[in-house]
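K.L.:
Okay, handing you the structure first.
Residue numbers (UniProt numbering): 1 to 129.
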């Protein structure tokens, strides 16, 4: 389910991958996740690393923690629209075929991502005459 690789901190990788699994529908609403200890053991990281990722995802609304019921995907977690998911899969396939790694592909996406076109308003007193 989750594979740690690349240069990003493990907590960040766990968060990003769970977000992706939820967004893609591979983790459904109300689905139970492995316990903190189990996932930490599976990934070879400290339990605190997984706990920190789970807590951040809970704060973001992706997960809910239930006493005695474990950690589950939030019922309100949203999914990514199908065309975006399909384009992402195509980008992953094309990048893999071209020998471009995940980190480089992400850097390319960040570089070409459109900037917000809304400019902050400047008060009249600061505008040039």
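Using N, Cα and C, we set each Cβ at its ideal position, and we do this for glycine too.
Everything numeric in this text was worked out from a predicted model, so none of it was measured.
1. Give me, in chain order, the residues of the same chain whose beta-carbon lies closer than 7 Å to that of residue 37; leave out the 5 immediate sequence neighbours on both sides.
2. Ends of the alpha helix (DSSP H) at residue 70?
3. Let me check understanding here. Comparing Cα to Cα, which of 50, 111, 101, 84 lies closest to residue 7?
4. Is residue 13 helix, strand or coil when you go by DSSP?
5. Note down the Cα distance separating residue 111 from residue 96, rounded to an integer number of angstroms.
6. Would you report the Cα separation of residue 26 and residue 88, rounded to the nearest angstrom?
7. Compute the Euclidean distance between the alpha carbons of residue 29 and residue 61, then round it to the nearest angstrom.
8. Is the Cβ-Cβ distance between residue 72 and residue 85 less than 8 Å?
9. For residue 40, which residues from the same chain have a beta carbon less than 7 Å from its beta carbon, with the 5 sequence-adjacent residues on both sides left out?
10. Cα-Cα, which of 57, 98, 91, 92 is closest to residue 16?
P.N.:
The relevant details are as follows:
1. Residue 37 sits at position 37 when you count from the first residue of the chain shown. The beta carbon of residue 37 sits closer than 7 Å to the beta carbons of 47 from its chain, once the five residues preceding and following it are set aside; these are given in chain order.
2. What you label residue 70 is simply residue 70 of the chain shown in a count that begins at 1. Run containing residue 70: none in the alpha helix (DSSP H); it sits in the beta strand (DSSP E), 70-73.
3. Here the question's residue 7 lines up with position 7 in the chain shown. For the residues 50, 111, 101, 84, the minimum Cα distance to residue 7 belongs to 101.
4. The count along the chain shown starts at 1 and reaches residue 13 at position 13. Here residue 13 sits in helix by DSSP.
5. Taking the first residue of the chain shown as position 1, residue 111 is located at position 111. Taking the first residue of the chain shown as position 1, residue 96 is located at position 96. CA-to-CA, the gap between residue 111 and residue 96 works out to about 19 Å.
6. Within the chain shown, the letter at position 26 stands for residue 26. Within the chain shown, the letter at position 88 stands for residue 88. C-alpha separation (whole angstroms): 15 Å.
7. Along the chain shown, one-based indexing puts residue 29 at 29. Along the chain shown, one-based indexing puts residue 61 at 61. In this structure, the alpha-carbon of residue 29 lies about 11 Å from that of residue 61.
8. Along the chain shown, read from residue 1 onward, the residue named residue 72 stands at position 72. Along the chain shown, read from residue 1 onward, the residue named residue 85 stands at position 85. No.
9. One-based indexing of the chain shown puts residue 40 at position 40. Same-chain partners within the cutoff: 46, 47, 49, 50.
10. Reading the chain shown from its first residue, position 16 is the one you call residue 16. Ranking the options by Cα distance to residue 16, first place goes to 57.
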